[in-house]
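Counting in my numbering, the sequence shown tops out at residue 356, every number present.
Beta carbons are placed, not taken as given, at the ideal position from N, Cα and C, and that holds for glycine.
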Amino acid sequence: MYYHQFSVTFEYSIQGGGSAYSPPQVSYFSFGVLNKTPTGVSVWVDALSLFSFTNPLAGSTFKERWLTLTPNGTASSAGVVSVLYYHQFLLNVSYSVVGGGMPPTPLLNVTHFGSVVSYPLKGAVSLWVDSGGSYSVQSVLMYSKNERWISLEVTTGKVYSPLSVSLVYYHQYFVSISQNAQGGSVSPTSGWYNASSSVTISATAFKGWQFEGWLGSGASSYTGNASTQVVTITSPINEEAVFYPGLNVTVQTGGSVEYSFSGKSGSLASGNHVIYVPPGTTVQLTEKPIPILFVSRGFEVSGGFLPSNASVLVDAPLSIKALFSVNYVSVGAITLAIAIVIAVVALLRIRKAQA
2 MYYHQFSVTF EYSIQGGGSA YSPPQVSYFS FGVLNKTPTG VSVWVDALSL FSFTNPLAGS
62 TFKERWLTLT PNGTASSAGV VSVLYYHQFL LNVSYSVVGG GMPPTPLLNV THFGSVVSYP
122 LKGAVSLWVD SGGSYSVQSV LMYSKNERWI SLEVTTGKVY SPLSVSLVYY HQYFVSISQN
182 AQGGSVSPTS GWYNASSSVT ISATAFKGWQ FEGWLGSGAS SYTGNASTQV VTITSPINEE
242 AVFYPGLNVT VQTGGSVEYS FSGKSGSLAS GNHVIYVPPG TTVQLTEKPI PILFVSRGFE
302 VSGGFLPSNA SVLVDAPLSI KALFSVNYVS VGAITLAIAI VIAVVALLRI RKAQA
C-alpha cells in the first residue's frame with residue numbers, strides 16, 4: 002500500500018511576545034498513524050490528512066494566554082505551514098452610576114486578535130486583549146444635549162498585563178445661566194452639574210440698573226425676585242436674570258411730569274425720580290407746568306433737548322431733566338393787577354377819611 006505524502010515543516014510565530022509559554026507540538030498523520038512533532042522540523046505528512054497545533058500554548062493561565070485562531074489544517078501541499086499565536090491578557094471592565102438615572106450602555110473597544118472590536122458593557126465584562134493592544138470606554142454617555150453621564154477616570158489605555166478597570170459615571174444636567182441685558186453680573190457660569198447637587202445662583206445689578214428677578218424653566222428651576230437662591234439640580238434648567246435700566250427723571254420746581262409706558266402711567270412731582278423699565282421700552286413724557294405761573298421749556302438730555310411732549314427709548318440707564326421757567330408775562334400782569342387793586346383801595350380809604 003502506497004501513501005501519498007507531502008514534506009511539511011511546521012512553524013509558528015508570536016504576536017505580542019512573552020516568555021512564559023512552551024513552543025507548540027503538532028499532531029499529524031504519517032502512514033495513517035497519529036504522530037507528534039516539535040515545530041521547525043520537516044516531516045512527511047499524509048496528503049489531505051488533518052494536523053493540529055497545541056492551542057493554547059502550555060504556560061497559559063486564566064489571566065494570560067497564547068492562542069491561535071487557526072490551530073487546525075489539512076495537508077494539501079508540501080512546504081511550510083506557519084501559525085500565528087496572539088499573546089493576550091484578560092481585561093476586566095465594570096462601571097457604576099452616581100446620581101441615578103438610566104444611562105445609555107457604554108461601548109468598550111479593544112484590540113482582539115489584531116482587530117479593534119466593540120462590546121456593549123452590560124454589567125461587568127471580561128475580555129481577552131492583545132498584549133500591547135488598546136482599550137477604550139466611552140467617557141461621556143449622552144442621553145440628550147442637556148443630560149449626560151460622565152466618567153472622570155481614565156477610560157483609555159494599553160494592556161501589558163492582566164488589568165481590571167472600574168469606572169464611575171456621574172449623572173449630570175446642563176444648567177444654563179443667562180441675562181436679558183448686560184445690566185449686572187451673574188453666577189455661576191453655564192455648565193454641567195451633578196444630579197441632586199445644590200447650585201447657588203446669584204445676580205448683582207450694575208449702577209443705574211435694577212435686578213427684577215429670575216425667570217426659570219425646567220422642573221427644578223427657580224422663578225422669583227430673590228437675587229441669591231439655592232437650586233437643587235434634578236433636571237436640565239434655564240435661569241435668566243432680568244435687569245431693568247433706570248430712567249432718571251429730574252423735575253425742576255414749577256411743574257410735574259406725566260409718564261406712560263406699556264399700559265402703565267403716573268405723575269412725577271418736582272425732585273429726582275427713577276423709573277425702571279424693560280430694556281427697549283419707549284416712555285412717553287409730558288411736562289405739566291403750574292398754570293399761569295410757569296411755562297414748559299422741554300427736556301434736557303445728554304447731547305441735546307427734547308420738546309415738552311417727548312418719547313424716549315430706554316435701552317440703558319438714561320438721565321433726563323424737565324425744565325420749567327417763570328411765566329413773566331402772567332406774573333407781571335398779576336403784579337400790575339395787584340398794584341392797581343392796592344392803589345384803588347388806598348384811594349378809597351383817603352376819600353373816606355376826608356369825607
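Compare the C-alpha of residue i against each of the options and name the closest.
| i | options | result |
| --- | --- | --- |
| Phe30 | Phe7, Ala21, Ser20, Tyr13 | Phe7 |
| Gly100 | Ser197, Ser132, Ser50 | Ser197 |
| Leu314 | Gln285, Ser303, Phe325 | Gln285 |
| Asn181 | Ala270, Ser83, Gly281 | Gly281 |
| Val141 | Gly19, Ser191, Thr106 | Thr106 |
| Thr201 | Phe212, Leu109, Val187 | Val187 |
| Tyr161 | Thr40, Ser303, Thr69, Gly134 | Gly134 |
| Thr157 | Glu148, Asn147, Arg149, Leu168 | Leu168 |
| Phe90 | Thr112, Val9, Gly185 | Thr112 |
| Thr10 | Phe32, Gly17, Val302, Phe52 | Phe52 |
| Ser236 | Asn36, Val98, Asp316, Asn147 | Asn147 |
| Tyr86 | Glu154, Phe212, Tyr13 | Tyr13 |
| Leu153 | Ala48, Tyr3, Gly225, Val98 | Val98 |
| Phe114 | Ser132, Asp47, Tyr120 | Ser132 |
| Pro212 | Arg298, Tyr3, Ala48, Tyr277 | It is Phe, not Pro, that sits at residue 212 in the sequence shown. Among Arg298, Tyr3, Ala48, Tyr277, the Cα nearest to that of Phe212 belongs to Tyr277. |
| Thr273 | Gly304, Leu324, Asn195, Ala59 | Checking the sequence shown, residue 273 turns out to be Asn, not Thr. The option with the nearest alpha carbon to Asn273 is Leu324. |
| Phe262 | Pro279, Leu269, Ala270 | Pro279 |
| Lys123 | Arg149, Ala270, Ser95 | Ser95 |
| Ser23 | Val34, Thr62, Tyr3, Phe306 | Thr62 |
| Ser228 | Thr205, Tyr245, Ala220 | Thr205 |
| Arg149 | Asp316, Lys159, Pro189, Trp193 | Trp193 |
| Gln183 | Trp45, Ala242, Lys37, Asn328 | Ala242 |
| Glu65 | Trp45, Gln26, Gly17 | Gly17 |
| His5 | Tyr245, Val126, Leu35, Trp45 | Trp45 |
| Gln26 | Pro121, Gly305, Val84, Val34 | Val84 |
| Phe32 | Ala125, Ser78, Asp47 | Asp47 |
| Lys208 | Lys353, Val126, Tyr245 | Tyr245 |
| Tyr329 | Val166, Ile293, Val82 | Ile293 |
Does the beta-carbon distance from residue i to residue j come in below 8 Å?
| i | j | result |
| --- | --- | --- |
| Val232 | Ser222 | yes |
| Tyr136 | Pro104 | no |
| Phe54 | Pro72 | yes |
| Ile234 | Tyr174 | yes |
| Pro57 | Leu70 | no |
| Ala76 | Ser43 | no |
| Ile15 | His88 | yes |
| Gly185 | Trp215 | no |
| Phe300 | Ala311 | yes |
| Gly1 | Lys289 | An answer regarding residue 1 cannot be provided, because it is not within the stretch 2 to 356 covered by the chain. |
| Leu164 | Leu128 | no |
| Ser116 | Leu109 | no |
| Ala21 | Gly60 | yes |
| Ile178 | Glu259 | no |
| His172 | Gly102 | yes |
| Ser271 | Thr287 | no |
| Arg350 | Ser326 | no |
| Val176 | Ser191 | yes |
Identify the continuous beta strand (DSSP E) that holds residue i and give its terminal residues.
| i | result |
| --- | --- |
| Ile238 | 238–252 |
| Ala323 | 319–327 |
| Phe7 | 6–16 |
| Ile291 | Run containing Ile291: none; DSSP gives neither H nor E here. |
| Thr201 | 199–206 |
| Gly74 | 73–75 |
| Phe212 | 210–218 |
| Gly305 | 305–307 |
| Gly272 | 272–277 |
| Thr233 | 229–233 |
| Ser51 | First, the residue type needs correcting, since residue 51 is Leu and not Ser in the sequence shown. It spans 51–54 - the beta strand (DSSP E) in which Leu51 sits, taken as one unbroken run. |
| Asn110 | 108–113 |
| Asn195 | 192–195 |
| Pro189 | Neither: Pro189 is in no beta strand (DSSP E) and is coded neither H nor E. |
| Leu70 | Element bounds for Leu70: n/a, residue is neither H nor E. |
| Val42 | Neither: Val42 is in no beta strand (DSSP E) and is coded neither H nor E. |
| Tyr120 | 116–121 |
Who pairs with residue i in a beta bridge, going by DSSP?
| i | result |
| --- | --- |
| Asn36 | Tyr29 |
| Glu148 | Ser145, Tyr174 |
| Thr316 | Correcting the residue identity first, residue 316 is Asp in this sequence and not Thr. Answer is none; Asp316 lacks a bridge partner. |
| Glu154 | According to DSSP, which records beta bridges pairwise, Glu154 is partnered with nothing at all. |
| Tyr96 | Leu168 |
| Thr282 | Val315 |
| Leu91 | Trp129 |
| Pro163 | For Pro163, which the question treats as bridged, DSSP gives no partner whatsoever. |
| Gln180 | Ala242 |
| Phe262 | Lys265 |
| Leu85 | Ser14 |
| Tyr136 | Val111, Gly158 |
| Gly225 | Trp215 |
*Count the C-beta pairs between the segment 246–259 and the segment 311–330 that are closer than 8 Å, then say yes if the count reaches three, no if not.*
yes
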